[in-house]
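One structure is given here, and the rest of the page talks about it.
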Amino acid sequence: MILVIVIPVLVLLALAMLFAALRRRDSRLAIGKLSRETRQRDRTTAASASDAAADALAPTAASAEQKAVSTWRGDDGQAEVVEAEVVSDWTPPDPEAVGVSRRQFLNRSIIGFMGLSVSGFGAAMIAQLWPAFVTGFGAVINAGTVDDIKDQIRENNGFLKLSNGRMWITEYPESAIEKAREVYSPGELAGMEQGLIALYWKCPHLGCTVPECVSSQWFECPCHGSQYNRVGEKRGGPAPRGMDRFRMSINDKGELLVDTGGIIQGPPIGTNTTGQEAEGPNCIGQASE
Ligand code: FES
Numbered sequence: 003m004i005l006v007i008v009i010p011v012l013v014l015l016a017l018a019m020l021f022a023a024l025r026r027r028d029s030r031l032a033i034g035k036l037s038r039e040t041r042q043r044d045r046t047t048a049a050s051a052s053d054a055a056a057d058a059l060a061p062t063a064a065s066a067e068q069k070a071v072s073t074w075r076g077d078d079g080q081a082e083v084v085e086a087e088v089v090s091d092w093t094p095p096d097p098e099a100v101g102v103s104r105r106q107f108l109n110r111s112i113i114g115f116m117g118l119s120v121s122g123f124g125a126a127m128i129a130q131l132w133p134a135f136v137t138g139f140g141a142v143i144n145a146g147t148v149d150d151i152k153d154q155i156r157e158n159n160g161f162l163k164l165s166n167g168r169m170w171i172t173e174y175p176e177s178a179i180e181k182a183r184e185v186y187s188p189g190e191l192a193g194m195e196q197g198l199i200a201l202y203w204k205c206p207h208l209g210c211t212v213p214e215c216v217s218s219q220w221f222e223c224p225c226h227g228s229q230y231n232r233v234g235e236k237r238g239g240p241a242p243r244g245m246d247r248f249r250m251s252i253n254d255k256g257e258l259l260v261d262t263g264g265i266i267q268g269p270p271i272g273t274n275t276t277g278q279e280a281e282g283p284n285c286i287g288q289a290s291e
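Residues 3 to 291 in our numbering are what the sequence shown lists, from first letter to last.
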């Protein structure tokens, strides 16, 4: 059934294409009919030409060659010297004079847009890789000389809060260093061996800012009751570990540099290098693991 419809359609299409091709050929070869006046004028011209030809002698091959040579050599028999034309340097056309076509405009717009996109992406990638110029939290913070820091800690009842680095700095007892070397990394020990430790003030439980408790000389979180001794080791509450801390170093001038760009996770539960018990009443109640 389908073939009954398709075959005639194909035949008709083939005929249509053949007809179109023939018409195109005809139009290329088409010669219009001449008017009567034109045909009359042609006859008159042809008759004149035939009379002129009759007047002249029938040219031979030799006479035609001689005529051509004489024409080429000139009247005096010498070959005509033609000076070579000076070829000037090529000058590119003035783009303004030539103008910009719509296609050129579109092509250039597309290329320009793609160039801008690629450049923007490249710039963003480079900016991502380039070390950011950071100050405050996230940067290396110069906390001052070790001696000055210790003085400030003592003036502030055992705790120094540096808001620009979101940190607490407390003293680390010299007597506990041997134990500390078994637990802490070189980045932490660099400051601890100078008697200082820099702790991130964010509670490792759920992120509250942990305040100091002057009476117990601990840190005690008011949110859910986690407690840490003065060097950030966990003593009670729901926190999963001790307080997180920062890498420290001492420069040539004896200043403590704290790198707040990376956080070192606090020591595991049970770490107690200093053995410090609460030195007075707790701020949020008795510690319980
Ligand atoms: S956030 Fe500090 S104990 Fe929960």
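Cβ atoms here follow ideal geometry from the backbone N, Cα and C, with glycine treated the same way. What you are looking at is a predicted structure, and each value in this text was computed from that prediction instead of being measured.
Mark Gln68 as exposed unless 16 or more other C-beta atoms lie within 10 angstroms of its C-beta, in which case mark it buried.
exposed
Beta-carbon proximity list for Pro283, same chain, < 8 Å, skipping 5 on both sides:
Ser217, Ser218
Buried/exposed call for Thr262, threshold 16 Cβ in 10 Å:
buried
Since Pro270 sits in a beta bridge, which residues does DSSP pair it with?
Arg243
With distances taken from CA atoms, which of Val233, Ala241, Thr276 is nearest Leu162?
Val233
Can you tell me whether Ala182 is helix, strand or coil according to DSSP?
helix
Asn166 - containing beta strand (DSSP E), residue span
That residue, Asn166, is in no beta strand (DSSP E); it is neither H nor E in DSSP.
Which listed residue (Pro240, Ser37, Gly277, Gly244) has its alpha carbon closest to that of Gln267:
Gly244
Please tell me whether, using a cut-off of 7 Å, the distance from the CB of Cys205 to the nearest non-hydrogen atom of the ligand FES is below it.
yes
8 Å Cβ cutoff met for Gly197 and Glu176:
yes
DSSP-derived helix/strand/coil call for Arg249
strand
Look at the Cβ atom of Gly209, then the Cβ atom of Asn166, and state whether they are nearer than 8 Å.
no
Contact the region 238-256 vs the region 186-203: 3+ CB pairs below 8 Å:
yes
Where does Arg45 sit, in a helix, a strand or coil, going by DSSP?
helix
Measuring alpha carbon to alpha carbon, tell me which of Val120, Leu258, Ile128, Ser37 ends up nearest Glu190.
Leu258
Would you say the beta carbon of Gly268 comes nearer than 7 Å to a heavy atom of the ligand FES?
no
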